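1 is the number of the first residue of the sequence shown in the UniProt record's numbering; add one for each residue after it.
All C-beta atoms in this analysis are idealised placements derived from N, C-alpha and C, irrespective of residue type, glycine included.
Bear in mind the structure is a predicted one, so any value in this text is a computation, not a measurement.
Note sheet for the following structure.
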Amino acid sequence: MAPTAVDPGPTGHLLAPAAAPVVVAGGGDGGDGPLEVVINVSSSDTDSDAPGAGAGKRSRPVAGRGGGRDREEKKARILAAAATVPAGFLEPLPPPPRVKLLPPPAPGRSVTKQFWKAGDYVGKSDHLLAVEHSDSGMDHVRVHPKFLHSNATSHKWALGAFAELLDNSLDEVVNGATYVHIDMMESKKDGTRMLLVEDNGGGMNPDKMRHCMSLGYSAKSKVKNTIGQYGNGFKTSTMRLGADVLVFSRSRGIKGTRPTQSVGMLSYTFLRSTNKEDIIVPMIDYEKEKEWKRKARTTLTDWCMSLETIIQWSPYSTEAELIQEFGSIGEQGTRIIIYNLWEDDEGELELDFDADANDIQIRGVNRDQNKIQKANQFPNSRHFFTYRHSLRSYASILYLRLPDNFKMILRGKKIEHHNIINDLMLKKQLNYKPTVCDGLPKDMHMAAKVTIGFVKDARQHIDIQGFNVYHKNRLIKPFWRVWTAAGSGGRGIIGVLEVNFVEPAHDKQDFERTNCLARLEARLNRMQKKYWSDNRHRIGYGTNDASTDSGKGERGLSPRPYGIGSRKSGYLQRIRSADRTSSKTISQQSAEKSANTIRPERSVLHGLSNTGGGNTEIASAPSRSTSPILRTPEKSFRKVNTSSPPSPSGVKRSERIALKYQSKELNVILSNKKEVNVATNGDRESIVDPEAVIKKLKEKNSSLEERIFMVQESLSRELQIEQDKNKSLTERIEDVERQLELAINEQEATVELFAEERKRRDQEEENLKMKLREASSTIQDLMEQLNAARNCCKRKQQTKQLHPQ
């Protein structure tokens, strides 16, 4: 029995009520009588019914009788048929209803705009879910929309998400990419701020677009010198920056295929608001023949449904606005728009677009005003203080090497690539060759070159240190601190190295914790400690113990002005303390004996007093190991004492030792001045006039400053000239590249034109050959007919001759 109401069928879908065949009669003015037509209502819905359903579609004529009686019977049958047909049945069928999408969330329902709270998403109850099976009877693994958020939490740091998008653009250099542009936009619908990331790479065809929106698809893992390898970066990065992303991509036709352009939307807001239990990604495609036309992968209805979903949940209101975005792409490229950006706890956007018009910064704990001040105070260390909150600073050191024809543009201004090695002084290169680890291929040439040195601001004793570790040209661990000393150990030391034998984590902000990484960390720790012990005295951190032990006094001195080695000063302190009493006695005796013969002499050793009669007086040493003469030598030069030449016979051995060490200290000080001449005549010391020395030094210093200023001006002019030349050459190169690109495009167009012309000519030639063959065949047939006619005429003539009438 057929259902008479709207009942569910065996597949769970609603079935329309079946109607009996309807007989519609019609007449004519001829003599053939009335005509009956049988219409099967159940088969008038679609053309793709069961095979047997088509039998009732063909009209079946039935012959009738003529006459007025027949007309009356015909009217009766029409009235009877009308009684059995439902009201309005014979009216035209209405158009198919438009697909209605679920409405946006009600105003009372709150959708969080904070990233770390967006994971509180429950969805439908489990008992409402229907179990779906594939054609083979096996279950598919379903991916809940909440996974988009939990997957994006791998990026604890928002700038790490930007790095993933920059990696994808840099990998497109092999496909012709020359730039990547990051900017801020405003939505035309509600005026909210959006994030734009675009490049002119190879773009994505419809298949690649679907791989991009899926999880785990990556064709780069087997390609050399590419950064992407897991097929997860686009999803994690875009969902970390905002709740929704819209992707526009245009691809050229390759190997005979036509150019395509696609739009895809990955919307966490759409999935949450409609209580989806699976990740649904609406996408639409266009294909270019003479003009851009819609390209449906399944049916046009599905295509329209995807379009309406994109328009409803995106910042665009019409299809024309979507197509307008392709105008800024060109022949190929990708344009990513991230909207519904995440907010912080205070309701402000996590990304700060107002602090710097040419930068994108992040708010929160990563932004420290103290570090910003230090970045302005120490320009050679600004990247260390700003890379945590400034995208421009982080992107400038993100890659160890940048292709010459590729540039990164942030909010209309080019990002200048910066190599940290240029900020170092006292640089030293070391090689590190790892031992064979588990899972590491045995490569004899596998090694890492480590460049280590002090940052140029290290003399200011700022707390900055660490290693910038790169993997395949990409910065993985910025300023990695491998040595945490209790005091000031390791300060100012920066290292740069590239390791391709350690695998990065999937967020590319750290390395996998393997034995190789542990060994690398231990080796870098030893390198930093060794470099610190060998060079710390050169930036003002005490003495070099190794050089002091070796007996080289000049190398062991502290870099502080007029400093003395601690061991030597301590030894002098003990000698002076022991001889204090004897020195006082000798001083008294020498004062009495030198009353009649006093000769002025300038004393340069602190503690050396009036001497006479063959005795020498050494005053008691100060309490500190560094004497005042060493701290203020110029004042000591001005001290004038009257003394007589010392007599070696009246000086004890300990006093002579003290005098010897003090003289050696003074020689070290005077050797630094390079202008003080010390002349030794026996036990007497005479020094040139210090006032003249100081005046001469000042004059020389002034002349040197003038020369330095002149050299700086000359170098500045030369640098400006070189910069102008470089700029002009760059512009000329860009102009030549544009002309070359135009020439290549014209050549390709000419080649295509010639190919089409050749194809048309070949086709025309083939047609002419076919016509020629047909004409030859026709001529042959006619010749045969002509010969046959001639033979026939000859036979007739012969017959007439043989049989005359």
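- Boundaries of the alpha helix (DSSP H) harbouring V751: 690–802, taken from the DSSP string.
- Rounded to whole angstroms, the Cβ separation of W483 and N525 is 5 Å, and the two are in contact under 8 Å.
- A check of alpha carbon separations from K427 across L400, Y394, K456, K374 identifies K456 as the nearest.
- The alpha-carbon of F326 is positioned some 44 Å away from that of N370.
- Nearest in C-alpha terms to H506, of all of A161, K146, E73, is A161.
- Around the CB of R240, 16 or more other CB atoms lie within 10 Å, so the residue is classed as buried.
- Look at the stretch 423–485 and you find these whole runs of beta strand (DSSP E), each 3 residues long or longer: 424–432, 448–455, 466–471, 474–480.
- For a cut-off of 8 Å, the C-beta gap from R142 to G203 is around 31 Å, too long to register as a contact.
- The residue among R523, N473, A486, I362 with its C-alpha nearest the C-alpha of N431 is R523.
- Looking only at G489, L166, I494, I462, the smallest Cα-Cα distance to D423 is reached by I494.
- Non-local beta-carbon contacts of P315 in its own chain, meaning distances under 6 Å to residues more than five positions away in sequence, involve S187, K189, Y339 in chain order.
- With respect to A163, R474 sits close: the two C-beta atoms are nearer than 9 Å.
- Pairing S154 with T236 gives a Cβ-Cβ distance under 9 Å.
- M185 has M194 as its beta-bridge partners, per DSSP.
- The criterion of a C-beta distance shorter than 9 Å is not satisfied by Y286 and L148.
- Annotation: Q312 to V245 spans about 14 Å, alpha carbon to alpha carbon.
- The three-state reading of DSSP puts D278 in coil, since its state is none of H, G, I, E or B.
- Of the candidates E784, I310, M408, M408 places its Cα closest to the Cα of N358.
- Two segments are said to touch when three or more pairs of C-beta atoms, one from each, lie closer than 8 Å; by this definition the stretch 172–181 does not touch the stretch 297–307.
- The three-state reading of DSSP puts L300 in helix, counting H, G and I together.
- It is roughly 12 Å from the alpha-carbon of E198 to the alpha-carbon of D167.
- Looking at the DSSP output, I409 sits in a beta bridge with H181, K414.
- Distances from the alpha-carbon of T260 to those of F270, E277, P145, K293 put K293 closest.
- Apart from sequence neighbours up to five positions away, the residues of its chain that approach L400 with a beta-carbon distance below 7 Å are Y470, N473, E498, ordered along the chain.
- Bounds of the beta strand (DSSP E) holding W292 are 292–295.
- Ranking L159, E757, K695 by CA distance to the CA of I397 puts L159 first.
- One thing to note: K276 has its Cβ no nearer than 9 Å to the Cβ of P478.
- Per the DSSP secondary-structure output, L351 pairs in a beta bridge with I362.
- Using a Cβ distance threshold of 9 Å, V736 and N405 do not count as a contacting pair.
- In this structure, the straight-line span from the alpha carbon of Q460 to that of Y531 is close to 18 Å.
- Close CB contacts of T192 within its chain, under the 6 Å cut and outside five residues either way in sequence, are absent.
- Of the residues assessed, I182 falls on the buried side of the cut-off, its CB having 16 or more other CB atoms within 10 angstroms.
- A distance of 9 Å or more separates the beta carbons of T386 and G201.
- Shown here for L715: not one same chain residue has a beta carbon closer than 6 Å to its own, the five before and five after excluded.
- Note on geometry: alpha-carbon atoms of E752 and N745 lie some 10 Å from one another.
- L782 and L742 have their C-alpha atoms spaced approximately 59 Å apart.
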